[in-house]
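*Asks:*
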Amino acid sequence: MSQILGLYNYWVVVLLMMAGFYNVIARGNLIKKLIGLNIFQTSVFLLYISMGKVEGGTAPIVAEGVATYSNPLPHVLILTAIVVGIATTSVGLSLVIRIREAYDTIEEDEIQQLDEGP
Amino acid sequence: MFIAAMLGVLATMLLALVRALKGPTVYDRVLAVNMFGTKTVLLLAVIGFLTGRPDFLDLSLVYVLINFIGTIAILKFVEFGSQASNKEEARA
Amino acid sequence: MSDFIADIALQINLVDIVLLAFLVVVAGAVIQVRDLFEAVVLLGIFSLLSACIFTTLDAVDVAFTEAAVGAGISTVLFLATLTLTAREEKAQYRHSWSGFIVCTLTGGALIYGTLDMPHFGELNAPIHRHVAPRYIVESPEEIGVPNMVTSVLASYRGYDTLGETTVIFTAGLTVLLLLRRDRRSRDRSTSPPTIETTDRRGSHTMRHAMVLRVMSKLFIPLILLFALYVQFHGDFGPGGGFQAGVIFAAAFVLYALIHGIEAAQRVAPTARVQVFVALGLLLFIGTGLASLFAGGNFLEYKVLAHQASHGEHLGILFIELGVGITVAAVIINTFFFFAGRGRT
Amino acid sequence: MDTLIHLASWLCLLLGCCFCLIGGVGLLRLPDFYSRIHGGGVTDTLGAGLVISGLMLQGGLSLTTAKLAMILLFLLLTSPVATHAIARAAQHSGLKPQVTDAAA
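Residue numbers (the working numbering), protein chains in the order written: chain A, 1 to 118; chain B, 1001 to 1092; chain C, 2001 to 2344; chain D, 3001 to 3104.
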C-alpha cells in the first residue's frame, strides 16, 4: 500500500507522458501533435514538482512558525520552463500556420505526398 | 469543516467534468469549462485555509481573471471560427 | 500538533490522488476527440487541473504561472491557429499499433525505473539533501527576500534565468520572422479569415456585445493593476516577472478579443511592442553589467548599493522587471501576429 | 461571539457546498443546454458566494478577507457575464431550446 501511495504520482506522470508521446508519434495532424507535446510537457512539470514536495512541508515562502518547506529549486526550474514552453509552442504554432499556407493542409501524410508527387 | 467544503467542491468539479466530456453541444462544454474554472477558484481558496496558509489567495484571483479570458476566447472562436470554416468549405 | 499536521498531509494526499485521476481522464479525452476545437477546450481544463495539483504540492509560484499561461494564453494561441488552419482532424485516422507498442514499452521501462525512486514526500530524498537546504536556511538572511523561489530565480540562478529570458526573446523573434508579412504574402487574397475578423455582417461581432464591452472597460484596468501587484509583490508572495508579464499580456489579449485587433493595435502599436521585446532583455543584461562596473561579478547584485541586502533587492527588482517586460511584449506580439494573420 | 462566527461560517460553507452540488447535478441532469445554464448559474453565484463568505468569516479582519472580497467581486462580475455570453452565442448560432410535447 505504501508502495502504491508513495509512487502513485510518478506512475501518473509516466501514464501522461506516454499518452502525450503516443499523440505525438501516432497522430498525423500537426496541431494534435502539438497538443500531445503540451501534455508531455505538463507531465514533466508534474514529475519535478512531485519530487520537490516534502511531507508536512509548505510552500517555500518564509512564514512564522513554519519549519519545513518544500524544495524551492524544482519550482524555479519549472516556473521558467512553463513560460519558455508557451514561447516554443507559439513558434510551433506559427510553423503550422506557415505549413498550412504553403501546402493547404496540416496532415502529415498529405504534406509528404505533396512533397514526393510532381 | 474545510474538508467537507473541499469534498463538496471536488464532487462538483467531477460533475462539471462529466458534462464537459459528454458534450453534446459545444456550448455545454464551454459552460462546463467555465464552471470548472470557478470551482477551481473555490478549491484553491479552501485548500489555502486547510493548509493554514491563506495568504496565497492571489492564485484564486488569477484564476478568476484568466478563466474569464479563456471563456471569451472560446466564444469568440465559436462565433467566428466555425462560421469561417463553413465559409471556407463553401468556397472550396 | 504533529498529529494535526499528519492529518492535513493525508487529506492533501487525498486531493492529490483525486485530482491526478481527473487529470488522467481529461488527458485521455483530449487524445480521443477528433474535433481539434474540443481538444483545445479540454486542454484548458487539463491545465486548470494541473495548476490545482501544483498548489497542493506546495508549488504556488508554479501554479500561478500555469494558471496564467495554460488556461489563458495557451488556449487563445491554439484557437487563433485553429481559425487559420482546420478545425477537424482528418477522418480516416487509424490506430497506430507500432506507436502503441513503443509507448507501452517505454512506459513499462519508466515505471520499472520509478520502483527505485524515493517515495513521494520523503524528507531524506537525495534531491532535498544538497543545494536546497542552503536555499531554505540561508536565503532569507542572505538575500533578504521571504519568497525563496524569487531569490533562487533572480539571484542564485540569475544566469539560468537570463538564458531562459533569451530563449523567450528568441522565440518571439522567430514568430516575428515566420509570420511577418512580406510583399508576396500581402498579395495573396485567398487567405482564410481569422479569429479577429471584424465581421462583414456587423451584428455578430463581439464589439456589439454591450455587456462584454462595458465589462471589459471595467475589468481591464483591474487586470493591469493586478499584474503590477504581482510584479512587485513577487518578493513577498507568489509572483514575479514571468507571471506578471503573462497577466499583463492577457489584459491586452482580452481587449483585442472584445474590441477587435485594430483597436488593440492602436493602444499598443506593433512596432512599439517589438521595441519592448528587446528592452526587457537589455534591462536584464544592463543590471548585470551595472554590477560588473560597480566592482562585482556579472549579476552580483550585492555591489549595487551600500548595503548588501539593499543591493540584492535592487538587482532582483530590475531583473524581474526586465523579465516581465520581455515576457509581456513577446506574448502580445505573438498574439497580434496570430490574430492579424490572414486579414485582407 | 467567537462560537457564533464559527457557526455562521460553518453554515455558509455547508450551504455553499450544497448549492454547488445541486448546481452540478443540475448541469449534469437537466435536459438541454438552456436549462443547464441555470445549474451553472447557481454554483457560480450562490454556491461560490456562500463558500467565500464562509471563508471570509474564518479569516476575520485581515488582508485575507480583503482578498477574498476581491475574489468574490470578480466572480460576481465575470461569471454572469461569461454565462450571458455563452447563452448569447448559443442563441446566435441557432441552437433551439428543447420544448416538451406538452408545451408544444
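Where a beta carbon is used, it is the ideal one built from N, C-alpha and C, also for glycine.
In this text the structure is predicted, and so the values were computed from the model without any measurement.
Going along the segment 51-79 of chain A in order, which residues come within less than 9 Å of chain B, judged by CB to CB distance?
*Replies:* Within the segment 51-79 of chain A, contact with chain B at the beta-carbon level (separation under 9 Å) is assigned to 58, 59, 61, 63, 66.
*Asks:* Could you name the residues of the same chain whose beta carbon sits closer than 6 Å to that of residue 1040 of chain B, not counting the 5 residues immediately before and after it, in chain order?
*Replies:* 1063
*Asks:* Can you give me the C-alpha to C-alpha distance between residue 107 of chain A and residue 2066 of chain C, rounded to a whole angstrom?
*Replies:* 29 Å
*Asks:* Express the C-alpha separation of residue 1053 of chain B and residue 1046 of chain B in angstroms, rounding to a whole number.
*Replies:* So the alpha carbons of these two residues sit roughly 10 Å apart.
*Asks:* Under 7 Å, do residue 1003 of chain B and residue 2250 of chain C count as touching if we go by C-beta distance?
*Replies:* no
*Asks:* Quick one, which residues of the segment 1059-1079 of chain B are near chain D if we go by CB-CB under 8 Å, in chain order?
*Replies:* 1060, 1061, 1064, 1065, 1067, 1068, 1071, 1072, 1075, 1078, 1079
*Asks:* Quick check on residue 2088 of chain C: buried or exposed, where buried means 16 or more other Cβ atoms within 10 Å of its Cβ?
*Replies:* In summary, residue 2088 of chain C is exposed, with fewer than 16 beta-carbon neighbours lying within 10 Å of its beta-carbon over all protein chains present.
*Asks:* Is it right to say residue 2038 of chain C is buried, meaning 16 or more other beta carbons lie within 10 angstroms of its own, or is it exposed?
*Replies:* With 16 or more other Cβ atoms from the protein chains shown falling within 10 Å of its own Cβ, residue 2038 of chain C counts as buried.
*Asks:* Which residues in chain C have a C-beta closer than 8 Å to the C-beta of residue 3088 of chain D? List them in chain order.
*Replies:* Chain-order list of chain C residues neighbouring residue 3088 of chain D: 2209, by C-beta distance under 8 Å.
*Asks:* Where does residue 38 of chain A fall in DSSP's three states?
*Replies:* helix
*Asks:* Does DSSP put residue 2143 of chain C in a helix, in a strand, or in coil?
*Replies:* coil
*Asks:* Ignore the nearest five residues each way along the sequence and tell me which others in residue 2022 of chain C's own chain have a CB closer than 6 Å to its CB.
*Replies:* 2049
*Asks:* When you compare the segment 2165-2179 of chain C with the segment 2328-2344 of chain C, are there three or more beta-carbon pairs, one atom per stretch, that lie closer than 8 Å?
*Replies:* Yes: at least three Cβ pairs fall under 8 Å.
*Asks:* Tell me whether residue 3044 of chain D is buried or exposed, calling it buried when 16 or more other Cβ atoms sit within 10 Å of its Cβ.
*Replies:* buried
*Asks:* Under 7 Å between C-beta atoms, does residue 1040 of chain B make it to chain D?
*Replies:* no
*Asks:* Examine chain D for any beta-carbon lying closer than 7 Å to the beta-carbon of residue 2198 of chain C, and answer yes or no.
*Replies:* At residue 2198 of chain C, the pLDDT of 44 sits below 50, so the modelled position is not reliable; the number obtained from the coordinates is stated separately. Closer than 7 Å: no.
*Asks:* Per the DSSP calculation, residue 69 of chain A is bridged to which residue(s)?
*Replies:* Under DSSP, residue 69 of chain A takes part in a beta bridge, and its partners are A:58.
*Asks:* How far does the alpha helix (DSSP H) with residue 2345 of chain C in it reach, from first residue to last?
*Replies:* Not covered by the structure: residue 2345 of chain C. The range shown for chain C is 2001 to 2344.
*Asks:* So, is residue 2313 of chain C buried or exposed, given that buried needs 16 or more other C-beta atoms within 10 angstroms?
*Replies:* It counts as buried.
*Asks:* For the candidate residues C:2275, C:2131, C:2244, whose alpha-carbon lies nearest to that of residue 1061 of chain B?
*Replies:* C:2244
*Asks:* What residues are listed by DSSP as bridge partners for residue 2088 of chain C?
*Replies:* C:2035
*Asks:* Taking the C-alpha atoms as reference points, what is the distance between residue 2120 of chain C and residue 2129 of chain C?
*Replies:* 15 Å
*Asks:* Under a Cβ-count criterion, where at least 16 other Cβ atoms within 10 Å of its own Cβ denotes burial, should residue 2126 of chain C be classed as buried or exposed?
*Replies:* exposed
*Asks:* Under 8 Å by Cβ, that's how I've got residue 2057 of chain C and residue 49 of chain A pegged, so tell me the actual separation to the nearest angstrom.
*Replies:* 5 Å
*Asks:* With a Cβ-Cβ cutoff of 7 Å, do residue 2110 of chain C and residue 14 of chain A count as a contact?
*Replies:* yes
*Asks:* For a cutoff of 7 Å on Cβ pairs, would you count residue 2215 of chain C as touching chain D?
*Replies:* yes
*Asks:* Quick one: what does DSSP say residue 108 of chain A is sitting in, helix, strand or coil?
*Replies:* helix
*Asks:* Going by alpha carbons, who is nearest to residue 2325 of chain C out of C:2276, C:2298, C:2310, C:2299?
*Replies:* C:2276
*Asks:* Please report the residue range of the alpha helix (DSSP H) in which residue 1079 of chain B lies.
*Replies:* Per DSSP, residue 1079 of chain B is not a residue of any alpha helix (DSSP H), being assigned neither H nor E.
*Asks:* If the criterion is Cβ atoms closer than 7 Å, does the pair residue 3048 of chain D and residue 1027 of chain B meet it?
*Replies:* no
*Asks:* Who pairs with residue 2333 of chain C in a beta bridge, going by DSSP?
*Replies:* Paired residue(s): none; residue 2333 of chain C is not in a bridge.
*Asks:* I'd like to confirm the pairing. Which residues does DSSP put opposite residue 29 of chain A in its beta bridges?
*Replies:* A:107
*Asks:* Run through chain C and tell me which residues come within less than 7 Å of residue 3081 of chain D, C-beta to C-beta.
*Replies:* 2211, 2212, 2215
*Asks:* Please report the residue range of the alpha helix (DSSP H) in which residue 3035 of chain D lies.
*Replies:* 3033-3042
*Asks:* Contact between the segment 3078-3095 of chain D and the segment 1015-1032 of chain B: three or more CB pairs below 8 Å?
*Replies:* yes
*Asks:* Please tell me whether residue 3084 of chain D has its Cβ less than 7 Å away from any Cβ of chain C.
*Replies:* When Cβ-Cβ separations below 7 Å define contact, residue 3084 of chain D makes contact with chain C.
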